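Okay, so here's the structure we're looking at.
In the working numbering, the protein residues as written are 101 to 274.
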């Protein structure tokens with residue numbers, strides 16, 4: 101019996117000693133090997149943690165196609181098509197070099213800008229109708245196909261010889 105009492109007292113003494121060693125004082129966390137863990141996410145049912153997953157795709161657009169349009173001295177309509185490929189909503193800005201945002205424009209002589217041949221430009225979006233000059237909003241997220249038609253009347257026999265120019269300008273904004 102004496103041995104049993106001595107063993108019990110020794111166990112109690114060791115238990116109290118280890119509690120004193122691991123008490124919360126400076127360095128107590130390190131002595132236990134805890135390293136400052138946050139046990140706040142643990143409950144009686146277990147622990148949890150959320151890990152965010154993120155993918156960022158930058159906005160992007162391309163203007164594809166759009167071959168040069170050569171008008172006929174006998175008049176008529178000539179056309180070209182272009183595609184705006186965009187992965188976001190966008191604003192399309194259409195202008196001409198000679199008149200800005202007017203569909204009634206002209207081609208001007210390369211040597212004398214006052215010598216002109218009137219033209220009319222119409223832009224159509226496939227499945228979307230006529231697109232006005234200036235700014236227009238579009239959904240994007242696909243290939244948007246546009247057709248540009250330029251019409252001029254026949255020129256007179258006395259129209260000054262030379263090359264006449266204008267530029268159809270396409271800008272895409274996010």
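The beta-carbon is built from N, C-alpha and C at its ideal position, and this holds for glycine as well. Note that the structure is predicted; figures quoted are calculated from it, not measured.
Cβ shell of residue i (< 7 Å), same chain only, five flanking positions each side left out
i: residue 161; result: 184, 185, 186, 190 and 272
i: residue 274; result: 159, 188 and 190
Backbone secondary structure at residue i - three-state DSSP
i: residue 172; result: coil
i: residue 213; result: coil
i: residue 121; result: Because residue 121 carries a pLDDT of 48, less than 50, the predicted location of this residue cannot be relied on, and no value is offered for it.
i: residue 283; result: Coverage of the chain is limited to positions 101 through 274, which leaves residue 283 absent and any answer about it impossible.
i: residue 141; result: helix
i: residue 206; result: strand
i: residue 183; result: strand
i: residue 270; result: strand
Proximal residues to residue i (C-beta, below 6 Å), its chain only, five neighbours per side dropped
i: residue 226; result: 245
i: residue 259; result: none
i: residue 139; result: none
Beta-carbon spacing of residue i, residue j below 9 Å
i: residue 267; j: residue 219; result: no
i: residue 192; j: residue 239; result: no
i: residue 210; j: residue 265; result: yes
i: residue 166; j: residue 270; result: yes
i: residue 169; j: residue 233; result: no
Residues near residue i in its chain [Cβ-Cβ closer than 8 Å; skip 5 each side]
i: residue 230; result: 222, 223 and 224
i: residue 141; result: 147, 148 and 149
i: residue 207; result: 171, 198, 216, 217, 219, 252, 264, 265 and 266
Beta-bridge partners of residue i, as assigned by DSSP
i: residue 198; result: In the DSSP output, where bridge partners are listed per residue, residue 198 has none listed.
i: residue 178; result: 250
i: residue 156; result: The partner list for residue 156 (beta bridge, DSSP) is empty, contrary to what the question assumes.
i: residue 218; result: 206
Beta-carbon separation (whole angstroms), residue i vs residue j, contact threshold 8 Å
i: residue 178; j: residue 250; result: 6 Å
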